[in-house]
């Protein structure tokens, strides 16, 4: 079943290549995955089932968003621990690394742009 679906995809890609058509590879792979799954579950391709074409990609996107939120929570926790470790250890007037620099800036009272832990985590996320 899967071989047949992959062969079908390759055939469609060959046809597109001969015509010089632009191909949305992501959409084709999503369709391949959904077709194989639906064939195993329902005995027909997802594009043959009314409404599935709209719902399957959306549900995949929701899954990705959910996973991104989970990854964000873990990453946020890691950064919070790093910031707290640096606070406990203290930079004693001399910064050892970028986190120390950011914490020293946060602690300085005469800054034009005050920052907090959230901004420190955002900056660290951007530079990583």
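Numbering (this note's numbering), first residue to last: 6 to 133.
Built from N, CA and C at the ideal position, the CB exists for glycine as well.
>> How far does the alpha helix (DSSP H) with residue 104 in it extend, from its first residue to its last?
In response: 103–112
> Would the beta-carbon of residue 10 fall within 7 angstroms of that of residue 37?
Replying inline: yes
>> Distance check for residue 7 and residue 41, CA to CA, integer angstroms please.
In response: 6 angstroms
> Is there contact between the segment 80–94 and the segment 55–69, where contact requires at least three CB pairs shorter than 8 angstroms?
Replying inline: no
> Can you find a CB in chain C that lies within less than 7 angstroms of the CB of residue 104?
Replying inline: Chain labels in this structure do not include chain C; a single protein chain is all it has.
> residue 33 and residue 43 look like a contact to me (Cβ under 8 angstroms); what is the Cβ gap, rounded to whole Å?
Replying inline: With a Cβ gap of about 15 angstroms, residue 33 and residue 43 do not count as contacting.
>> Between which two residues does the alpha helix (DSSP H) holding residue 120 run?
In response: Annotation: residue 120 is outside any alpha helix (DSSP H) and is labelled neither H nor E by DSSP.
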